[in-house]
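S.K.:
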Amino acid sequence: MSHVDVVVVGAGPAGLAAAALIATTASVRVTVIDESPAPGGRLRAQIYRRNGSWFVGGDRARTLAHGARESGVTIESGCLVWSLDTRSASDRGAEAEVSLDSPPRFRLGISGGRTLTADYLIIATGAAETAYGLPGWTTPGVLAVGAVQTMLNVHRVLPGDRLAVIGIDPLSLSIVDELAAAGAPVQGVYLPPPSTATGPFTRPSEIFSRLAELRNLAPNRLLSAAMHVLRIPGITELVARLWPAVGVRLAGMPLHLRECVVGIEGDTGVTAIRTSRVDAAGRPMGREKVIEVDSVCISGGLHPLQDLTRDCVLVDIAELGGTVPLHGPDLETTVGGLYVAGNITGIESALVAETQGRLAGTAVAARITGRVSQADLESARTDVETARASAPISFMPRIVEGRHRMSELWAAHSTREATV
Ligand SMILES: Cc1cc2nc3c(=O)[nH]c(=O)nc-3n(C[C@H](O)[C@H](O)[C@H](O)COP(=O)(O)OP(=O)(O)OC[C@H]3O[C@@H](n4cnc5c(N)ncnc54)[C@H](O)[C@@H]3O)c2cc1C
86 MSHVDVVVVG AGPAGLAAAA LIATTASVRV TVIDESPAPG GRLRAQIYRR NGSWFVGGDR
146 ARTLAHGARE SGVTIESGCL VWSLDTRSAS DRGAEAEVSL DSPPRFRLGI SGGRTLTADY
206 LIIATGAAET AYGLPGWTTP GVLAVGAVQT MLNVHRVLPG DRLAVIGIDP LSLSIVDELA
266 AAGAPVQGVY LPPPSTATGP FTRPSEIFSR LAELRNLAPN RLLSAAMHVL RIPGITELVA
326 RLWPAVGVRL AGMPLHLREC VVGIEGDTGV TAIRTSRVDA AGRPMGREKV IEVDSVCISG
386 GLHPLQDLTR DCVLVDIAEL GGTVPLHGPD LETTVGGLYV AGNITGIESA LVAETQGRLA
446 GTAVAARITG RVSQADLESA RTDVETARAS APISFMPRIV EGRHRMSELW AAHSTREATV
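Count the sequence shown with this note's numbering and you get residues 86 to 505, in order.
1) For a test of your reading of the model: does the CB of ASP119 fall under 6 angstroms from any non-hydrogen atom of ligand 1? Yes or no.
2) When the Cα atoms are used, what is the spatial distance from GLY100 to ASP262?
3) Opposite MET370 in the DSSP bridges: which residues?
4) Are there three or more Cβ pairs, one per stretch, closer than 8 angstroms when the stretch 208-222 is compared with the stretch 362-378?
5) Given ALA269, which residues of its chain have a CB within under 6 angstroms of its CB, disregarding the five upstream and five downstream residues?
6) Could you check where the beta strand (DSSP E) with ALA212 kicks off and where it finishes?
7) Are the beta-carbon atoms belonging to LEU228 and CYS382 less than 7 angstroms from one another?
8) Pairing CB atoms from the stretch 389-408 with CB atoms from the stretch 142-153, are three or more of them under 8 angstroms?
9) Can we say the stretch 423-434 touches the stretch 198-208, given the rule of at least three CB pairs closer than 8 angstroms?
10) For LEU165, count the other beta carbons within 10 Å of its own beta carbon; 16 or more makes it buried, fewer makes it exposed. Which is it?
11) Thinking C-alpha only, which one of GLY455, ARG483, THR419, ALA108 is nearest GLU502?
12) Regarding GLU214 and ligand 3, is the C-beta to nearest heavy atom distance less than 6 angstroms?
13) On the criterion of 16 or more Cβ atoms from any shown chain inside 10 Å, does THR394 qualify as buried, or is it exposed?
14) Is THR202 a contact residue of ligand 1, with contact defined as CB to any heavy atom under 6 angstroms?
15) Starting from THR148, follow its DSSP beta bridges and name the residues at the other end.
16) Is ALA450 near ligand 1, going by C-beta to nearest heavy atom under 6 angstroms?
17) Is THR471 near ligand 1, going by C-beta to nearest heavy atom under 6 angstroms?
18) Kindly give me the distance between the Cβ atoms of PRO278 and VAL347, rounded to whole angstroms, as I take these residues to be in contact under 8 angstroms.
19) Grab the span of the beta strand (DSSP E) containing THR200 for me, first residue to last.
20) Would the stretch 217-233 and the stretch 429-447 be scored as touching if the rule is three or more Cβ pairs under 8 angstroms?
21) Run through DSSP, which three-state label would PRO304 get?
22) Is THR171 near ligand 1, judged by its Cβ being under 6 angstroms from some heavy atom?
23) Taking the straight line between their C-alpha atoms, what separation do you get for PRO304 and ALA232?
24) Distance, Cα to Cα, GLU214 vs TRP167?
25) Under the three-state reduction of DSSP, which class applies to LEU387: helix, strand or coil?
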């Protein structure tokens with residue numbers, strides 16, 4: 086068993102930014118643990134248009150990892166944290182001050198049978214894709230949108246010559262744009278079949294409303310140019326009804342907003358998709374069409390990856406992407422000394438995650454050293470707001486309402502705790 090002062094789980098933008106800040110501000114041992122082979126998290130696979138040029142996440146990931154190592158942070162890649170014991174922290178209560186000489190609060194089980202203890206813990210495990218199945222979805226050649234993004238932007242491999250995309254959301258449209266830029270335009274972008282997993286986003290009018298809400302934060306040509314028309318109140322229903330059944334090529338993207346994929350064909354590999362027109366509720370109707378493709382990309386949205394925080398109070402806030410650990414303004418959870426940062430608190434862009442990492446890092450450094458001023462914390466909180474307001478890609482259109490809801494729930498929790 087080995088001991089460090091601060092452990093950060095997750096070497097994405099949030100975890101790396103938090104670790105570097107703590108190591109720079111407080112003279113303590115900081116270790117970042119990440120299951121991936123290299124630091125950077127999802128940033129490594131991100132390439133998208135921003136203000137007319139391309140943002141290359143891999144470059145930013147390398148800069149963040151280099152900065153963290155230069156500050157004295159140890160980064161352990163290829164290590165999975167599979168268990169977390171917070172009993173010592175819970176026994177002592179959230180407000181108890183920890184001297185770095187007191188017994189450690191946290192005990193982490195790490196792959197390889199190792200155990201690591203720590204006085205402070207930041208969990209920055211990011212987000213996971215929400216999966217949904219449809220007939221044929223296990224056929225070789227069917228990929229999740231994150232896998233397509235990694236193949237394309239990390240390994241520089243095209244998924245196929247004739248790709249169909251199922252799911253119309255900011256991430257899938259961003260990937261379609263990236264594929265087109267890589268010289269691999271997709272055959273078509275289709276609605277998913279209706280199911281409990283796909284929820285309302287199989288209804289054409291819902292898709293239009295969602296795209297309209299995202300218009301100001303458009304990551305690509307489609308959202309920035311074509312969705313402009315959806316600003317007109319009440320037009321989404323009308324556009325959904327009038328949208329041509331054969332689909333429309335918008336800014337180079339073949340969008341089929343009145344057609345869903347009902348099945349994927351192929352034995353040893355994908356050979357075709359079966360599609361059907363949908364009614365206003367998104368239900369398949371009429372004859373099926375067979376379209377030849379050799380690969381399929383499925384996009385089902387993202388949700389916070391909060392498995393390691395089950396000892397914290399968890400709350401379900403749809404505007405943030407699902408279940409998240411209840412946390413205060415400086416990202417401390419209901420388990421004293423355990424902080425969260427990045428997409429585990431709600432699905433947002435990498436730049437927001439990075440500023441959240443710096444906020445959590447500032448808060449932990451303040452607790453350890455007693456030296457960080459309120460002004461520093463205030464400034465770190467403002468940086469998060471600024472990054473949120475100017476984010477190049479927005480996954481959850483009502484993220485600000487979600488953040489307000491979190492503040493209300495935290496205030497209610499703190500009041501209850503104070504009266505017990
Ligand atoms: C498939 C996918 C595609 C995305 N595409 C974009 C995009 O194009 N643009 C954009 O702005 N945002 C995108 N995002 C959102 C993205 O999550 C944020 O941009 C940003 O990377 C979040 O930063 P983070 O530090 O919170 O988490 P991440 O960058 O996701 O980093 C979390 C890290 O934690 C590690 N980890 C998780 N659990 C454990 C564990 N138990 N033990 C050890 N390590 C663990 C993971 O391996 C990962 O490296 C995408 C997210 C996903 C899931």
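Ideal placement from N, C-alpha and C gives every residue a C-beta, glycine not left out.
M.R.: Per the coordinate set shown:
1) yes
2) 28 angstroms
3) ARG362
4) no
5) LEU243
6) 212-214
7) yes
8) no
9) yes
10) exposed
11) THR419
12) Within the structure as shown, ligand 3 is missing, the only ligands being ligand 1.
13) buried
14) no
15) According to DSSP, which records beta bridges pairwise, THR148 is partnered with nothing at all.
16) no
17) no
18) 5 angstroms
19) 199-208
20) no
21) Residue placement at PRO304 is poorly supported in this model, since its pLDDT is 46, which falls under 50; the coordinates are not used for a value here.
22) no
23) In this prediction, PRO304 scores a pLDDT of 46, lower than 50, which makes its location untrustworthy; no coordinate-derived value is stated.
24) 19 angstroms
25) strand
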